[in-house]
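Chemist: Chains as they are written, first to last, in numbering that gives the first Met the number 0: chain W, 0 to 380; chain B, 0 to 380. Every residue, glycine too, gets a C-beta built ideally from N, C-alpha and C.
Number of protein chains: 2
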Amino acid sequence: MRFIMTTSSFAAATSGPLLFSLPAPHRFESGAVLEGVQLAYETYGTLAPGADNAVLICHALTGDAHVAGSGSTPETARPGWWDEYVGPGRPIDTDRFFVICSNILGSCYGSTGPASINPATGTPYGLSFPVVTITDMVRAQHALVSHFGIERLCAVVGGSLGGMQVLEWAARYPDMVEAAIPIATTTRHSAQAIAFNEVARQSVISDPNWRQGEYYGGAAPDLGLAVARMIGHITYLSDESMHAKFGRNLQDRENLSFNFETDFQVESYLHHQGRKFVQRFDANSFLYVTKAADYFDLGLERPDSHAAQAFAKTRTRFLVVSFTSDWLYPTYQSRALVAHLQRGGRDVSFCEITEKWGHDAFLLPNSHFANILGGFLRHVC
Amino acid sequence: MRFIMTTSSFAAATSGPLLFSLPAPHRFESGAVLEGVQLAYETYGTLAPGADNAVLICHALTGDAHVAGSGSTPETARPGWWDEYVGPGRPIDTDRFFVICSNILGSCYGSTGPASINPATGTPYGLSFPVVTITDMVRAQHALVSHFGIERLCAVVGGSLGGMQVLEWAARYPDMVEAAIPIATTTRHSAQAIAFNEVARQSVISDPNWRQGEYYGGAAPDLGLAVARMIGHITYLSDESMHAKFGRNLQDRENLSFNFETDFQVESYLHHQGRKFVQRFDANSFLYVTKAADYFDLGLERPDSHAAQAFAKTRTRFLVVSFTSDWLYPTYQSRALVAHLQRGGRDVSFCEITEKWGHDAFLLPNSHFANILGGFLRHVC
Numbered sequence: 000m001r002f003i004m005t006t007s008s009f010a011a012a013t014s015g016p017l018l019f020s021l022p023a024p025h026r027f028e029s030g031a032v033l034e035g036v037q038l039a040y041e042t043y044g045t046l047a048p049g050a051d052n053a054v055l056i057c058h059a060l061t062g063d064a065h066v067a068g069s070g071s072t073p074e075t076a077r078p079g080w081w082d083e084y085v086g087p088g089r090p091i092d093t094d095r096f097f098v099i100c101s102n103i104l105g106s107c108y109g110s111t112g113p114a115s116i117n118p119a120t121g122t123p124y125g126l127s128f129p130v131v132t133i134t135d136m137v138r139a140q141h142a143l144v145s146h147f148g149i150e151r152l153c154a155v156v157g158g159s160l161g162g163m164q165v166l167e168w169a170a171r172y173p174d175m176v177e178a179a180i181p182i183a184t185t186t187r188h189s190a191q192a193i194a195f196n197e198v199a200r201q202s203v204i205s206d207p208n209w210r211q212g213e214y215y216g217g218a219a220p221d222l223g224l225a226v227a228r229m230i231g232h233i234t235y236l237s238d239e240s241m242h243a244k245f246g247r248n249l250q251d252r253e254n255l256s257f258n259f260e261t262d263f264q265v266e267s268y269l270h271h272q273g274r275k276f277v278q279r280f281d282a283n284s285f286l287y288v289t290k291a292a293d294y295f296d297l298g299l300e301r302p303d304s305h306a307a308q309a310f311a312k313t314r315t316r317f318l319v320v321s322f323t324s325d326w327l328y329p330t331y332q333s334r335a336l337v338a339h340l341q342r343g344g345r346d347v348s349f350c351e352i353t354e355k356w357g358h359d360a361f362l363l364p365n366s367h368f369a370n371i372l373g374g375f376l377r378h379v380c
Numbered sequence: 000m001r002f003i004m005t006t007s008s009f010a011a012a013t014s015g016p017l018l019f020s021l022p023a024p025h026r027f028e029s030g031a032v033l034e035g036v037q038l039a040y041e042t043y044g045t046l047a048p049g050a051d052n053a054v055l056i057c058h059a060l061t062g063d064a065h066v067a068g069s070g071s072t073p074e075t076a077r078p079g080w081w082d083e084y085v086g087p088g089r090p091i092d093t094d095r096f097f098v099i100c101s102n103i104l105g106s107c108y109g110s111t112g113p114a115s116i117n118p119a120t121g122t123p124y125g126l127s128f129p130v131v132t133i134t135d136m137v138r139a140q141h142a143l144v145s146h147f148g149i150e151r152l153c154a155v156v157g158g159s160l161g162g163m164q165v166l167e168w169a170a171r172y173p174d175m176v177e178a179a180i181p182i183a184t185t186t187r188h189s190a191q192a193i194a195f196n197e198v199a200r201q202s203v204i205s206d207p208n209w210r211q212g213e214y215y216g217g218a219a220p221d222l223g224l225a226v227a228r229m230i231g232h233i234t235y236l237s238d239e240s241m242h243a244k245f246g247r248n249l250q251d252r253e254n255l256s257f258n259f260e261t262d263f264q265v266e267s268y269l270h271h272q273g274r275k276f277v278q279r280f281d282a283n284s285f286l287y288v289t290k291a292a293d294y295f296d297l298g299l300e301r302p303d304s305h306a307a308q309a310f311a312k313t314r315t316r317f318l319v320v321s322f323t324s325d326w327l328y329p330t331y332q333s334r335a336l337v338a339h340l341q342r343g344g345r346d347v348s349f350c351e352i353t354e355k356w357g358h359d360a361f362l363l364p365n366s367h368f369a370n371i372l373g374g375f376l377r378h379v380c
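1) Anything in chain W within Cβ reach of Lys-290/B, meaning under 8 Å, just list it in chain order.
2) According to DSSP, simplified to helix, strand and coil, what is Tyr-172/B?
3) When you compare each of Ser-101/W, Ala-225/W, Met-136/W to Tyr-43/W by their alpha carbons, which one comes out closest?
4) Quick one: does Pro-78/W have its CB under 8 Å from some CB of chain B?
5) Please classify Gly-49/B: is it buried, with 16 or more other beta-carbons within 10 angstroms of its beta-carbon, or exposed?
6) Looking at chain W, is there any beta carbon in it that lies within less than 8 Å of the beta carbon of Tyr-294/B?
7) Give the single residue among Asn-258/W, Gln-264/W, Arg-26/W whose Cα lies nearest to the Cα of Leu-251/W.
8) Counting only beta-carbon atoms, is Val-130/B nearer than 8 Å to chain A?
9) Mind checking Thr-353/B: buried by the 16 CB within 10 Å criterion, or exposed?
10) Of all Cβ atoms in chain W, is any one closer than 8 Å to the Cβ of Glu-266/B?
11) Assuming Phe-375/W is part of the beta strand (DSSP E), what are its boundary residues?
12) Anyone know if the C-beta pair for Tyr-215/B and Pro-123/B falls short of 8 Å?
13) Confirm, please, whether the CB-CB distance from Arg-316/B to Asp-346/B is below 8 Å.
14) With 8 Å as the threshold, decide whether the Cβ of Arg-187/B is near any Cβ in chain W.
15) When you compare only the Cα positions, how much space is there between Ser-8/B and Val-98/B?
16) Between Met-241/B and chain W, is the shortest Cβ-Cβ distance under 8 Å, so that the two count as touching?
17) What number of angstroms, rounded off, separates the C-alpha of Thr-186/B from the C-alpha of Leu-143/W?
18) Does the distance from the C-beta atom of Val-320/W to that of Val-337/W stay below 8 Å?
19) Using 7 Å as the cut-off, classify the Cβ of Cys-153/B as near or not near the heavy atoms of the ligand ZN, replying yes or no.
20) On the three-state DSSP scale, how would you describe Leu-152/B?
21) Look at the alpha carbon of Glu-74/W and the alpha carbon of Pro-207/B, and state the distance between them as a whole number of angstroms.
22) Verify the CB distance criterion: does Ser-110/W have a CB-CB separation below 8 Å to chain B?
23) Suppose the cutoff is 6 Å on Cβ atoms and the five residues either side in sequence are ignored; what does the same chain contact list for Ala-179/B look like?
24) Looking at C-alpha atoms only, which residue of Pro-90/B, Leu-327/B, Gly-79/B is the closest neighbour of Glu-239/W?
25) How close, in whole Å, do the beta carbons of Pro-78/W and Glu-41/W come, if the pair is a contact with beta carbons under 8 Å?
26) Hey, which unbroken runs of the alpha helix (DSSP H) at 4 residues or more fall wholly within the region 212–298 of chain B?
27) If I'm right that Leu-160/B touches Val-288/B with Cβ under 8 Å, what's the distance once you round it to whole angstroms?
28) Here's the rule I'm using: 16 or more other beta-carbon atoms within 10 Å means buried, otherwise exposed. How should Tyr-120/B be labelled?
29) Please list, in chain order, all residues of the same chain as Cys-153/W whose beta carbon is under 8 Å from its beta carbon, the five residues on each side excluded.
30) Over the uninterrupted beta strand (DSSP E) stretch that includes Tyr-331/W, give me the two end residues.
31) Would the region 275–284 of chain W count as touching the region 109–119 of chain W if we require 3 or more Cβ pairs under 8 Å?
32) How big is the Cα-Cα spacing for Ala-335/W and Ile-233/B?
33) So, under 8 Å CB-CB, Lys-290/W and Phe-259/B are touching, yes? Tell me the CB distance rounded to an integer number of Å.
34) Which of helix, strand or coil does DSSP assign to Asp-359/W?
35) Tell me, please, whether the CB atom of Leu-166/W is closer than 8 Å to any CB atom in chain B?
36) Could you check whether the Cβ of Ala-194/W sits closer than 8 Å to any Cβ belonging to chain B?
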């Protein structure tokens, strides 16, 4: 049975995310099993009769399904997070492709996660929600994609944590992925990346309001989560971009305050990012998605890993993209992936884009990146 | 009148830090004035009759006066924090030099700071303690040095925040500084460095136990301070050193935990650093010393700044040292200082040491660094 998508014929989603219920209980990588798992998703463009024009976009750590367009609901009123790159005539051309983007498992934008109600108790799961891995996210997406009757994706595309999902798709379902485009990502977290995530998690966990994740209905661990987000934001930018954006500029006075208020614009910016974030993201989901990032490890150095086995003979065409100033997932990590694929004789293109905006670069307008992405997709699909 | 130092004839301090009371009220850069300011200090070696063999060592953010040797008091039982580099026959040779190291103003190791008792109230100053700058620290040290009858220091040496003090000494008292050795430091904090400090401060401030700094006698903001220290520790290491030290090694089991306990060794290491730190450092002092670092700006690009004026004609000999993997105060920042001094025709040597240990490298044994430091001091003093 094909899933009938009434909104799929619009270039931009207008009605907010739709809900897909997994047809079977989800068995997590941890061994836990959960019934009633749902994914929130949006689609753009029209699925061709042969179901052969689909592109799956995977979002990053705290993203959502609203990847493009501006719709009429509160969820979609703002432009999608990758509106620069997805839409009619854009690099991921919705006049041509049927684009799917779903909120990741464990997140808080409609998909099942720790803030969802556990039907067995009538209260939110909290920490009783199973730890989620990139594999779990991808297996849930696979159910959604299959439900559309899609047997082969033109491309799976994503940056950062989305790029990890792209790599896991290519490793787990190589015959379903025509092209894989992992952007500003890594095959596994470095010790430094784990360290940043763990400190951010500890900031949440140390907030007395967190209460072992049982804060729903009461005061949330906003202060801890805000600090956690501030830590993250530093890693998303670069030394150079912070210098260009803020330097040592003072906030709104000519002199230092000589107290512990905000002196520098960069401090004010981080406070703002922290405050904004706690209004839109669930603290427990933050723990889950960062843990998923830390756990991710393709294990390419182990010949018996599922990824090494799949990549040894895959026919997927890879476009690996990195940004020079990204120090969270530095270019050398993308190069290692490319070298691995090249050694195996696989079809891989690599593009390192010179850009000062750090890890966040993949979310920002960049005509060079747009041309590469659009060109590659026109070529392979 | 010469200050009589009974312990100054020992190669290693044996009796713990001594206390020096500033002879006059300290006027802070902020304009605040405080009476009864004290500095805790240690000395090593013997002051020559002409008082012409003194070396001042400035410690980093959370350091103390115990720079070398192992003494008999609880404060000095552990080896000094720079024992590798200070002692008889070592690069800073206490057989030759009279070494002074004092705890910085605003810290919590014996010098007056926010945890000290305000004689006017009988309770700790807390946030009523004036904001401290590098200038304030250096002016207090100047009073100590002068009290010894020292009119000219052979060298002022220090790394990180200690290096900022070295630069401020050279800018403020150029005729008193024969040689200045700023190590792993910067002439001003970058936006990124300010960002890390501000997030760390927010972690302390967000801890409900902090209570606007009025936690003395009650529960201290240990959780917030531990997270703050964890943030700092990431910046003290490097991507490469964390990889070498921890990689993705798991803590004490072969499998992932699939919960929010500690999985990776790097997490355990950071937790340990956080726990250790809260036992030894005052949370308010942490706010003050990080703020001092953020405020520091020699202003060399402004021809009318006191540093630019002093450096235009100084006869101080500079040895600037940086480490390749230091990304907190990257080499390019040291190079900018060196270039400024060179353009002015000053006497400056620059040494960039190839080392993977990140910012912390200046605290670790390194024979190359030891040779350079010792050689320079033999040459200039």
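Modeler: Quick look at the numbers:
1) Phe-259
2) coil
3) Ser-101/W
4) no
5) exposed
6) yes
7) Looking at the sequence itself, residue 251/W is Asp, so the reference to Leu does not match. Here the closest residue by C-alpha is Gln-264/W.
8) Looking at the structure shown, chain A is missing, and the protein chains on hand are W and B.
9) exposed
10) yes
11) Careful: Phe-375/W lies outside any beta strand (DSSP E), inside the alpha helix (DSSP H) at 366–379.
12) yes
13) yes
14) yes
15) Since pLDDT at Ser-8/B reaches only 32, below the 50 mark, its modelled position is unreliable, and the value read off the structure follows with that caveat. Distance between the alpha carbons of Ser-8/B and Val-98/B is about 11 Å.
16) yes
17) 55 Å
18) no
19) This structure lacks the ligand ZN, and indeed carries no ligand of any kind.
20) strand
21) 34 Å
22) no
23) Val-155, Val-165, Ala-169, Thr-315, Phe-317
24) Leu-327/B
25) 13 Å between Cβ atoms; not a contact.
26) 221–235, 238–244, 264–279, 282–294
27) 7 Å
28) Looking at the sequence itself, residue 120/B is Thr, so the reference to Tyr does not match. Answer is exposed; the Cβ neighbour count stays below 16.
29) Asp-51, Asn-52, Ala-53, Val-54, Phe-96, Glu-177, Ala-178, Leu-376, Val-379, Cys-380
30) First-last for Tyr-331/W: 330–342, but that is the alpha helix (DSSP H), not the beta strand (DSSP E).
31) yes
32) 24 Å
33) 7 Å
34) helix
35) no
36) yes
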